[in-house]
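Chains as they are written, first to last, in this note's numbering: chain Z, -14 to 97; chain G, 398 to 512.
Where is the CB? At the ideal position from N, CA and C, for every residue including glycine.
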């Protein structure tokens, strides 16, 4: 039982390049979330999904896109990376609001 | 709007001493409340949660937290800290009965443990 798996774990991008971060879960959770973590800022919500085929914007959505074509996968895309997107990205899943989240181990992204 | 404040950015306690990490929230009703711990280079792990009932909740690793409605607080405590407790701790608030609504996290408190 892998839980929540994020790939890749590390990545260095050049400004303007694109990439996709994958979050895969095997817990059959309905809700999935993408957060970014920056020093002194805590976790800020980028986008989230309340079910297969749905997505919604969070607090800091600019520069990111998401898709949830399958229930178990939630993809986060950067179309044209910027240095301000250097961060650690966490995916989280939940079966419902009272349960809290299960987190992946994170993706450390550096944009140079 | 919901918000979470963790007033202490960094706390150092001696091994074996007691610990209290503060968390204050702003919400119109009683929210769901959570504490998470993050070890260096790791994801976040749920320590405990409160959603109703007994205001003193027990969690993993010997932690507990007390919900105080009058103070809008949900402080995390541990009677005797171990060196392995050194980590970053996050308080989070969620909206009850709003399926899918995302948690709001505080900015975290870094705990250092001295020998």
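A direct Cα-Cα distance of roughly 8 Å separates residue -4 of chain Z from residue 92 of chain Z. Straight through space, the alpha carbons of residue 451 of chain G and residue 488 of chain G are spaced by roughly 19 Å. The Cβ of residue 90 of chain Z sits closer than 8 Å to at least one Cβ of chain G.
With a threshold of 16 other beta carbon atoms within 10 Å, residue 503 of chain G meets it and is buried. Every beta strand (DSSP E) of 3 residues or more that sits fully in the segment 19 to 73 of chain Z is shown, in chain order, as 27 to 34, 49 to 52 and 58 to 63. Contact of residue 429 of chain G with chain Z is assigned, a C-beta pair being separated by under 8 Å. Ranked by how close their Cα comes to the Cα of residue 411 of chain G, the residues G:498, G:479, G:405 and G:424 have G:479 in first place. DSSP places residue -4 of chain Z in the strand class (E or B) of the three-state scheme. Judged by DSSP in its simplified three-state form, residue 401 of chain G adopts strand.
Annotation: residue 78 of chain Z to residue 476 of chain G spans about 31 Å, alpha carbon to alpha carbon. Under the three-state reduction of DSSP, residue 474 of chain G is assigned to strand. Counting only the Cα atoms, residue 11 of chain Z lies some 32 Å from residue 508 of chain G.
Contact with chain G is found for residue 82 of chain Z, since one of that chain's Cβ atoms lies less than 8 Å from the residue's Cβ. Residue state for residue 457 of chain G is assigned as helix, using DSSP reduced to three classes.
In this structure, the alpha-carbon of residue 485 of chain G lies about 30 Å from that of residue 53 of chain Z. In the DSSP assignment, residue 446 of chain G is bridged to G:431. Residues of the same chain with a CB within less than 7 Å of the CB of residue 401 of chain G, apart from the 5 flanking positions on each side, are 420, 422, 488, 489, 490, 501, 502 and 503 in chain order. Residue 0 of chain Z is a Cβ neighbour of residue 97 of chain Z, given a cutoff of 8 Å. Each of Z:59, Z:85 and Z:2 was checked against the Cα of residue 74 of chain Z, and the nearest Cα belongs to Z:59.
Put simply, the CB of residue 413 of chain G is far from chain Z, with every gap to its CB atoms at 8 Å or more.
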